[in-house]
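Notes follow the structure.
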Amino acid sequence: MVLNTLKLNNGVTMPQLGFGVWQVPDAEATTAVAEALKAGYRSIDTAAIYGNERGTGEALSAVDRDELFITTKLWNADQGYDSTLRAFDESLRKLGLDTLDLYLIHWPTPARELYVDTWKAFVELQKEGRVRAIGVSNFQPAHLRRLIDETGVVPAVNQIELHPYLQQGELRAFHAQHGIQTEAWSPLGQGGELLGDPVIAEIAQRHNRSAAQIVLRWHLQIGNVVIPKSVTPSRIRENIAVFDFELSDEEIAALSTLDRSGRIGPNPDTFN
Ligand code: NAD
1 MVLNTLKLNN
11 GVTMPQLGFG
21 VWQVPDAEAT
31 TAVAEALKAG
41 YRSIDTAAIY
51 GNERGTGEAL
61 SAVDRDELFI
71 TTKLWNADQG
81 YDSTLRAFDE
91 SLRKLGLDTL
101 DLYLIHWPTP
111 ARELYVDTWK
121 AFVELQKEGR
131 VRAIGVSNFQ
141 PAHLRRLIDE
151 TGVVPAVNQI
161 ELHPYLQQGE
171 LRAFHAQHGI
181 QTEAWSPLGQ
191 GGELLGDPVI
201 AEIAQRHNRS
211 AAQIVLRWHL
221 QIGNVVIPKS
231 VTPSRIRENI
241 AVFDFELSDE
251 EIAALSTLDR
261 SGRIGPNPDT
271 FN
């Protein structure tokens, strides 16, 4: 399995496809992550709020540390300079790691007015060499602009809800302009209606692939990082088997017509 990698704006390389563990209970995370590592995944996406950093960390010793790319996220209640430094220590302790590959502010929660102070702590952690790359999640253009204006440090990544029903054109254009890598969460639309879409089904039949594989291939070809989640071993393998075929320009264009503001998760401007 050859995993494509992308270079972030500080020179760090990140696998373009990783494994997400949201809603995987701590006790099941070790088995799920072990299965993913066996299938060839090297990038794992967790978060303090998922409550499975310990279980995730337990699976990691199966692979050399320098082959892994581990992401976790700071929860909203821990925003603020000092509390961020404490929360980071706690996440690393649970994961059983000395350094992290990517740390993300999970949500901007603008009502708290703390994301700039939080970002200053992230910058410090990176300076100290405790995390290789720093980024954000669920940030809108206005939040990104404020971070950049007030600190001069551009996030390496913005992890946002993105799938063919919510294509995030404005944010993707902003990211491209500022050198921010777009990372898609819920890349499969959480396995709902999207995977039964007739346009996707037709393309899937033509390539003799599953709907999930067509959607993941669309993400990869438009330059997104993706972190599909599954706890089913056959699907874990299926979701990484997407580096040996290609969609045509016409197929990419057909998938791009599916955009319909189909947000599943909360609105980042108001979520607290
Ligand atoms: P997803 O789009 O990855 O969908 C996962 C679901 O799709 C699975 O539970 C399963 O029901 C189904 N599925 C998976 N593979 C399939 C296949 N091959 N065929 C058919 N069905 C399949 O949704 P997600 O878990 O919400 O998102 C992925 C990851 O993104 C999460 O695990 C988490 O790491 C991250 N995430 C981040 C945020 C954030 O706020 N930053 C929010 C949500 C998720």
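Heads up: the sequence shown begins at 1 in full-length UniProt numbering, then just goes up one per residue.
Glycine is no exception: its CB is placed at the ideal position from the N, C-alpha and C atoms.
The model shown is predicted, which means the values in this text are computed figures rather than measured ones.
Per DSSP, reduced to three states, the secondary structure at G129 is coil, with no helix or strand assignment. Within 7 Å of the C-beta of Q190 there is at least one heavy atom belonging to ligand 1. A111 has its alpha-carbon roughly 8 Å from the corresponding atom of T270. Taking the Cα positions, E113 is about 20 Å away from Y103. Short note on W218: C-beta not closer than 7 Å to any heavy atom of ligand 1.
Cβ atoms of N208 and T182 stay farther apart than 8 Å, at about 29 Å. Taking C-alpha positions only, H106 is separated from P198 by approximately 33 Å. Around the CB of K73, 16 or more other CB atoms lie within 10 Å, so the residue is classed as buried.
Shown here for S230: same chain residues with a beta carbon closer than 7 Å to its own, the five before and five after excluded, namely I236, N239 in chain order. The Cβ atoms of A156 and G189 lie no closer than 8 Å to each other. Going by DSSP, L6 is part of the beta strand (DSSP E) stretching over 5-7. P15 sits in a strand when the DSSP states are folded into three classes.
Residue environment analysis places A59 among the buried positions, since at least 16 neighbouring C-beta atoms fall within 10 angstroms of its C-beta.
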